[in-house]
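J.:
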Amino acid sequence: MSTILITGATGTIGALTARALLGAGQIVRLGVRSPDKASLPGARAVRFDFDDPASMTAALQGVDRLLLITPFVEDHAPMVARALDAARAAGVSFVLRLSAAGADPTATEGLPAKHGLGERLLHESGLGWAVLRPNFFVDNLWKFAADGIRSQGALFGAAGEGRTAYVAGSDIAAVAAAILAAPDAHLGRTYTLTGPEALSEPELAALVSGAIGREVRYIDLPPDALRQGMAGAPDWMIDDMLALEAVKANGWAQAISPDVEAILGRPPASAASAIAENAARLA
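Take 7 as the starting number for the sequence shown in this note's numbering and just add one per residue.
1. Out of THR16, ALA282, THR198, PRO264, which has the shortest C-alpha to C-alpha gap to ALA109?
2. So, SER99 versus GLY68, is the Cβ gap smaller than 7 Å?
3. So which of THR16, LEU27, ALA204 has the shortest CA-CA distance to LEU186?
4. Taking only three categories from DSSP, how would you classify ALA237?
5. What are the partner residues of ASP226, as DSSP defines its beta bridges?
6. Taking the alpha carbon of ALA136 as the reference point, which residue from ASN146, SER105, PHE150 has its own alpha carbon closest?
7. Please state whether the Cβ-Cβ distance between ALA95 and LEU72 is less than 7 Å.
8. Should LEU117 go down as buried or exposed, given a rule of 16 or more other Cβ atoms within 10 Å for buried?
9. Taking THR270 as part of the alpha helix (DSSP H), name the residues at either end of that continuous run.
10. Quick check: the segment 210–224 against the segment 276–288, are at least 3 beta-carbon pairs closer than 8 Å?
11. Would you call the segment 13–29 and the segment 48–63 in contact, with 3 or more CB pairs under 8 Å?
12. Just to check my reading of the structure: GLY163 and THR76 have Cβ atoms closer than 8 Å, yes? What is that Cβ distance to the nearest angstrom?
13. Within the continuous beta strand (DSSP E) that includes ILE75, where are the two ends?
14. Does the Cβ-Cβ distance between SER61 and ARG53 come in under 7 Å?
15. Report the option in ALA180, ALA259, VAL222 whose CA atom is closest to the CA atom of PRO273.
16. Does DSSP put ALA152 in a helix, a strand or coil?
17. Could you give the distance in angstroms between the alpha-carbon of ALA275 and the alpha-carbon of ILE281?
18. So, are the CB atoms of PHE142 and THR112 less than 7 Å apart?
19. Rounded to the nearest angstrom, what separates ALA204 and GLU221 at their Cα positions?
20. For ALA136, list the residues DSSP reports as bridge partners.
21. Just how far apart, CA to CA, sit ARG39 and TRP148?
22. Specify, as a first and last residue, the run of the alpha helix (DSSP H) that GLY116 falls within.
23. Where does LEU123 land, buried or exposed, given buried means 16+ other C-beta within 10 angstroms?
24. Please classify GLU167 as buried or exposed, where buried requires at least 16 neighbouring CB atoms within 10 angstroms.
25. Counting C-beta neighbours from all protein chains within 10 Å, is the total for PHE150 16 or more, i.e. buried, or is it exposed?
26. Report the CB separation of ALA65 from ARG35 in whole angstroms; it is logged as a contact under 8 Å.
27. Roughly how many angstroms separate the alpha carbons of GLU130 and ILE225, rounded to a whole number?
28. At a cut-off of 6 Å, would you count TRP258 as near the ligand SAM, judging by its Cβ distance to the nearest heavy atom?
29. By how many angstroms is the C-alpha of VAL86 removed from the C-alpha of LEU250?
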């Protein structure tokens, strides 16, 4: 049986994918900077440091398939390049890259170029590959917005009247697990992953309200005000976060893709169902 290594294995998608693969009887390694901090019954944690090529090559020995998830950094292309070098050196046959909706390998600026460059490096790697471009995760509500929901009864953003086809992290993980279990049918493919409907931010807040039993409002802020609210974070991070809000505001995240259903044989989970299942993490 093939061995699958997942980088970013302690993050939302990495952890969910590891559980999905283990549930299907796959052999899983968790590639993390600190193996002692990663624990998942049935999986082996190994040191995988994007800044230490030797650690990556060692972690990938005996690995057939790689789920490549990079952290949220200013420039992840060097990380992707080093990981692909290590994968080639270790004899990995297939790499599944977690990219982002809107990525464009031909773009020259902005977020499409930032994510697109990572895809282009994969295309040129000589390895078998596939790419996932997920839309905004509904999971980010409980990962990043829960404090504002609890303390102020509010979601904050600069999305205006834009609509977003939020995708559940569990669906991204299920798609990733399906591809990693049988990659031959997906070689050279790029999939865009979305939920089944596009919601405005006030509609999203209303779903949270219904799930936790108290009012949650969406408060739309001018970009400059949102920037001030993120004061103290690195400039590049603030710029990227505002660029993501602009993606929503401009309607670039509202398209609905058939790819989740095509791969899983069922419709994607709705934002409403995902929020209801995780209401305790928002209350």
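Backbone N, C-alpha and C fix where the C-beta goes; we use that ideal spot for every residue, glycine too.
T.: The answer reads as follows:
1. THR198
2. no
3. LEU27
4. strand
5. GLY163
6. SER105
7. The answer is no: Cβ separation not under 7 Å.
8. It counts as buried.
9. Residue identity differs from the one stated: residue 270 is Leu in this sequence, not Thr. From DSSP, the alpha helix (DSSP H) with LEU270 extends over 265–270.
10. yes
11. Flag = yes, the segment 13–29 and the segment 48–63 touch.
12. The pair is not a contact, with the Cβ atoms about 25 Å apart (cut-off 8 Å).
13. Run containing ILE75: none; DSSP gives neither H nor E here.
14. yes
15. ALA180
16. helix
17. 10 Å
18. Contact: no.
19. Going from the Cα of ALA204 to the Cα of GLU221 covers about 21 Å.
20. LEU102
21. 24 Å
22. 116–129
23. Flag for LEU123 reads buried.
24. exposed
25. exposed
26. 7 Å
27. 43 Å
28. This structure does not include the ligand SAM; it has no bound ligands of any sort.
29. Near 21 Å, if we compare the C-alpha coordinates of VAL86 and LEU250.
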